[in-house]
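Worksheet for the structure shown next.
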Amino acid sequence: MQAKTDCVLEVNNLHVSFFTDRGKLRVVQNVAFNICAGETVALVGESGCGKSVTALAIMGLIEEPGIITGGQIRLKGQELVGLPLAKYQQIRGHRIGMIFQEPMTSLNPVFKIGTQIGEVLVHHSKMTEREARPEVLRLLKKVGISSPHRRIDQYPHELSGGMKQRVMIAIALACQPDILIADEPTTALDVTIQAQILRLLKQLQDDMGMAILLITHNLGVVAHFANRVVVMYAGEIAEHTDVRTLFHKPQHPYTQALLKALPIPGHERLVPIQGTVPMPLEYPSGCRFCTRCPAVMKCCPQKSPSLQKIEPCHYVACWLYQMKNAP
Amino acid sequence: MKNAPTPPLLSVRNLKKYFPISSGFFSQVSSWVKAVDDISFDIDAGETLGLVGESGCGKTTAGRVLLRLLEPTDGTIHFEGNNLLKMGSAELRRRRCQMQIIFQDPYSSLNPRMTVGNIVGEALKVHGIATGIELEQRIGKLLDRVGLSPSYRSRYPHEFSGGQRQRIGIARALALHPKFIVCDEAVSALDVSIQAQIINLLCDLQTEFNLAYLFISHDLNVVQHIAKRVAVMYVGKIVEIAPAKTLFNSPKHPYTQALIAANPIPNPSIKHEAKLLEGDVPSPVNPPAGCRFHSRCANAMEKCKNLEPPLTEFGKGEAKQLVWCHLHTSSN
Amino acid sequence: MEEQILMDEKNNLPAKLVLSETPFGEFWRIFQKDKLALLGLVTLFLLIIAALASKALTEWTVVFDPATVRLVDKFLPPLSYASELLPVEDIPRFGIYLLGTDELGRDVFARMLQGSFVSLSIGFVAVGISTFIGILLGGLAGFYGNVRFLFISVDTLIMRFTDVMLCFPTFFLILTVVALLPPSIYNIMIIIGITSWMGTTRFVRAEFLALREQDFVVAAKALGLPAWRIIFLHMVPNAIAPVLVSAIIGVASAILTESALSFLGFGVQPPYATWGNILADGKNFIFDAPWLFFIPGVAILVIVLAFNLVGEGMREALNPKLRRR
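Right, dumping it as structure tokens:
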């Protein structure tokens, strides 16, 4: 991993479980990665893999019946797990910004967008509403909203989906956070709008030098936007490497299978992954991918492989590589 | 095309669907949402026509109007030579056996209170095609064909995952042996690995039963994989129809070019061009006059603002490319 | 509940989880988690048994006699023994008055029993009528809403009519009608029924409007199924949840209305006993024989509470099912 001094966010051995009346669901197991200033790390996986839960854990938004059962999350050295609510509220919106998937429902429909952006400034930077207004106008301009003087007094329903997402970005960036968590920020948007929003995020990142944690299931977005990629499957990390290596030399059978299943030019017949993602209650013992893995071996269902470094900046959790590095 | 051109399975001409917007105390009609505004295309038996576009372009409405699930405002639809719009309700219900639809949302497309067997077999029973033991056998065979165990017939939809529910929806559509299926964003709500399974299933079924598909999607990658020809829609109009490879390699309409440029391909070595589209997709309530795209088009000319672009054809036969754009009109 | 992971051997596709549950099984599992609702259900169950039995016990084979007048034994408190002066055929079963006697010496327990049947039947029949009207009107408004009839749509027609009906102060309407018509138990059932369908209509219309856009209804149309089949076999079963909840709570409301009518003297006339008119008679003696007032009052309270608890429990149990992903 990168030098510790550079790290904005460091996640170590994170475990999140949900205690329901059907049993204990180990939704996130042993997740570890870090993000440095100015870089984008993508958390990729299919539905149910635990990527959104990881993001919520970083924000401290895991609620009953879920609980962080282990691990550390450090924001620029400060430990977040177990932090009291009041302290967490100072951090959210201020040092960690978050944007969500559904711009249609993420904004409060009864408040003007100027008020909603200003709210963050008023709360964290202790400005009054009047003092915050020029700052809000500057932010609207920065996120590329035309005629900000007119828009600042409009309500969310008067804006299109793309513009609402820009407002969300403005809210998230208002206090110049160290890290921006983007949970499927463009999934609900049209392709051309998605391209605009991604370009905007890249510009803002270059300007402000902040780190971005991008959560998505769209590998096309990952290919063009992320520096490093963490692939999750059924709550665990399968592979973690930089973006080029992931697409050109993937090592984990799941990553390889996922790439073969993509409908891109050159794939005459798609190669699907047999079976379906297991539900948290039916996670197999040992490696969670073993029931669907084309390269499954006898040892796979017995014990879960740990994340092993096979190259500088390339980590894989698979028994195929553990054998070579046997102690 | 072969030597003697066979008539297309489905032929649509000048199709329009306008939704009225009522306002005022007595709900008078004040304006119209021109969801589908004069589109024309053909689909041959056994081929897949992809229909792409962004939100508000009218592709979902077009799919439903094609099956007369919504009544069109104007235009003609000929299915196997018969005019669908002139049929009475009884004949229409019989014809429905030949054209079916698969939906996007696997969670709302199955009746939560019916067993899987009933969902798949109901149409067979109602149309009098099979009853009793033969019905059960057919249901079993259909479930098997889409990759589900026939023993699932007594289970309820909520016990299945998204991909499996989509398979049930496909079994239901296949039950009546249709010739044409509208796939309305059929794989958009599925994960990549499940998407691949369903795409393969649809392709296999097409080969086995000689099905024609209208594949509606906003995902260009999926469409270029499954479709033979692709139609691009923008705010209620079709702007380009071309064979899939041609559309992706040499698109002629500026909107198609922008769409393809904006499409993220999962390969970090391929660089994106910088030609991104500005502004938002206009709403179909008050579409721009003239060419719908002129407000966002980098190549807009004076006449684009007032005159709707006519059709220009390039190429012949299977490689025919149709564009509606002033840039390409022969008089230019 | 057994856990089995079903594997399809041929294609290696495991079925999603575990318990094979019918919709009713799932409803029951969630319903029984609410202990209060369960208590309410047990109470209702006992009451219904009592009401059904009461016809047998008070009319066919007179085990408990509600009509016999025993002036000797009037105003006896609950659990008092019958007087020795009574002729043999007038002695109550077991020799004691379980809930005392009223001003005419009638056995309050027997009257309560008789009243239970009447009160419950008024409740259920009235709600049956209102639910039927509600489903019919709400279904028409929801399904055929856009069809224009002259210059006005079916939806507007039915909903404005519903709004007009809602403007009437229902209770006074009932009072007026009851005062004008000959007093009979059937008139009361009908009049309560035809003045309380408005809520159901709204629920059903709202559910139908939402359901009409659901893909499975569009799919049914695409399969060429006839309209009646789509409405009754596809839409109604999915729209029924709020109607059921409303109906259960409506029975309680109908019982209360009937009690109020009887209290005012407009309800079911003697010699039929309903809890309402026992209550009405008892109000005159509240200081001398308080049990005559409190017993029917508490009984009505318990029954209305039980219906409401069951209704709330049902609402909880039926809701997640329909909204579930």
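Chains as they are written, first to last, in the working numbering: chain X, 1 to 327; chain A, 1001 to 1332; chain L, 2001 to 2325.
Note that the Cβ used here is the ideal one computed from N, Cα and C, for glycine as well.
Computed from a predicted model, the values in this text were never measured in an experiment.
Among the options, nearest to residue i - alpha-carbon criterion
i: R1145(A); options: A1175(A), H1294(A), T1131(A); result: A1175(A)
i: I1102(A); options: L1010(A), L1322(A), R1095(A), A1212(A); result: A1212(A)
i: L2244(L); options: K2283(L), S2262(L), T2201(L); result: T2201(L)
i: P1072(A); options: A1231(A), R1153(A), S1250(A), V1033(A); result: V1033(A)
i: Q203(X); options: L173(X), D190(X), V231(X), N218(X); result: L173(X)
i: V2127(L); options: G2142(L), I2255(L), L2036(L), L2140(L); result: I2255(L)
i: T69(X); options: C299(X), Y321(X), V27(X); result: V27(X)
i: G2193(L); options: R2148(L), W2228(L), S2121(L); result: S2121(L)
Residue i: first and last residue of the uninterrupted beta strand (DSSP E) it sits in
i: Q1321(A); result: 1321-1324
i: R26(X); result: 23-36
i: V143(X); result: Neither: V143(X) is in no beta strand (DSSP E) and is coded neither H nor E.
i: P8(X); result: Position check: residue 8(X) holds Val in this sequence, whereas Pro was assumed. Per DSSP, V8(X) belongs to the beta strand (DSSP E) from 7-20.
i: R1153(A); result: Run containing R1153(A): none; DSSP gives neither H nor E here.
Span separating the alpha-carbon of residue i from that of residue j
i: T187(X); j: T216(X); result: 8 Å
i: L2057(L); j: G2224(L); result: 54 Å
i: A1298(A); j: E1278(A); result: 10 Å
i: A1171(A); j: I1139(A); result: 9 Å
i: K1017(A); j: L214(X); result: 40 Å
i: A2050(L); j: V2118(L); result: 12 Å
i: A170(X); j: I193(X); result: 16 Å
i: M168(X); j: Q196(X); result: 14 Å
i: L137(X); j: F2171(L); result: 58 Å
i: D2065(L); j: P2183(L); result: 24 Å
i: E2089(L); j: P2242(L); result: 51 Å
i: E2002(L); j: N34(X); result: At E2002(L) the pLDDT is 28, less than 50, meaning the model places this residue with poor confidence and gives no usable figure here.
i: V271(X); j: A257(X); result: 7 Å
i: F2293(L); j: E2103(L); result: 12 Å
i: V2072(L); j: R2160(L); result: 59 Å
i: R150(X); j: N1082(A); result: 54 Å
i: R1096(A); j: P305(X); result: 54 Å
i: L2052(L); j: F2024(L); result: 26 Å
i: V81(X); j: G60(X); result: 8 Å
i: L2301(L); j: D21(X); result: 35 Å
i: A86(X); j: L75(X); result: 16 Å
i: P2270(L); j: I2231(L); result: 45 Å
i: V2304(L); j: S2253(L); result: 8 Å
i: F1215(A); j: Q90(X); result: 49 Å
i: V2236(L); j: D1038(A); result: 37 Å
i: F2045(L); j: I2185(L); result: 24 Å
i: K1228(A); j: T1048(A); result: 6 Å
Cβ-heavy atom distance, residue i to the ligand COA, below 6 Å
i: A170(X); result: Ligands displayed in this structure: none; no statement on the ligand COA is therefore possible.
Cβ pair residue i, residue j closer than 7 Å
i: E39(X); j: N227(X); result: yes
i: V65(X); j: P109(X); result: Residue identity differs from the one stated: residue 65(X) is Pro in this sequence, not Val. Cβ atoms of P65(X) and P109(X): not closer than 7 Å.
i: G1236(A); j: V1036(A); result: yes
i: G2134(L); j: V2204(L); result: yes
i: Q29(X); j: G235(X); result: yes
i: V2217(L); j: L2209(L); result: no
i: A1196(A); j: A261(X); result: yes
i: V1281(A); j: G1056(A); result: yes
i: K1068(A); j: P1106(A); result: This sequence places Arg at residue 1068(A); Lys is not what is there. Contact flag unset, no.
i: L2180(L); j: I2158(L); result: no
i: W2291(L); j: P2087(L); result: no
Enclosing alpha helix (DSSP H) for residue i [first to last residue]
i: D1184(A); result: Taken as a continuous stretch (DSSP letters only), D1184(A) belongs to no alpha helix (DSSP H), being part of the beta strand (DSSP E) at 1180-1184.
i: N1118(A); result: 1116-1126
i: H124(X); result: 113-124
i: Y2272(L); result: Run containing Y2272(L): none; DSSP gives neither H nor E here.
i: K164(X); result: 161-173
i: I91(X); result: 85-91
Q. Looking at chain X, which residues of the stretch 1258-1270 of chain A have a Cβ within less than 7 Å of any of its Cβ atoms?
A. A1258, L1259, A1262, N1263, P1264, I1265, P1266, N1267, P1268
(Q) Counting only Cβ-Cβ distances shorter than 7 Å, please list the residues of the stretch 24-39 of chain X near chain A, keeping chain order. (A) none
Q) Name the residues in the stretch 2041-2059 of chain L whose C-beta lies less than 9 Å from a C-beta of chain A; which are they? A) Going along the stretch 2041-2059 of chain L in chain order, one finds no residue with a Cβ nearer than 9 Å to chain A.
**Q.** Contact list for the stretch 1144-1168 of chain A against chain X, Cβ threshold 7 Å
**A.** S1161, G1163
Q. Just by C-beta distance, which residues in the stretch 160-189 of chain X are closer than 8 Å to chain D?
A. In the structure shown, chain D cannot be found, because the protein chains are X, A and L.
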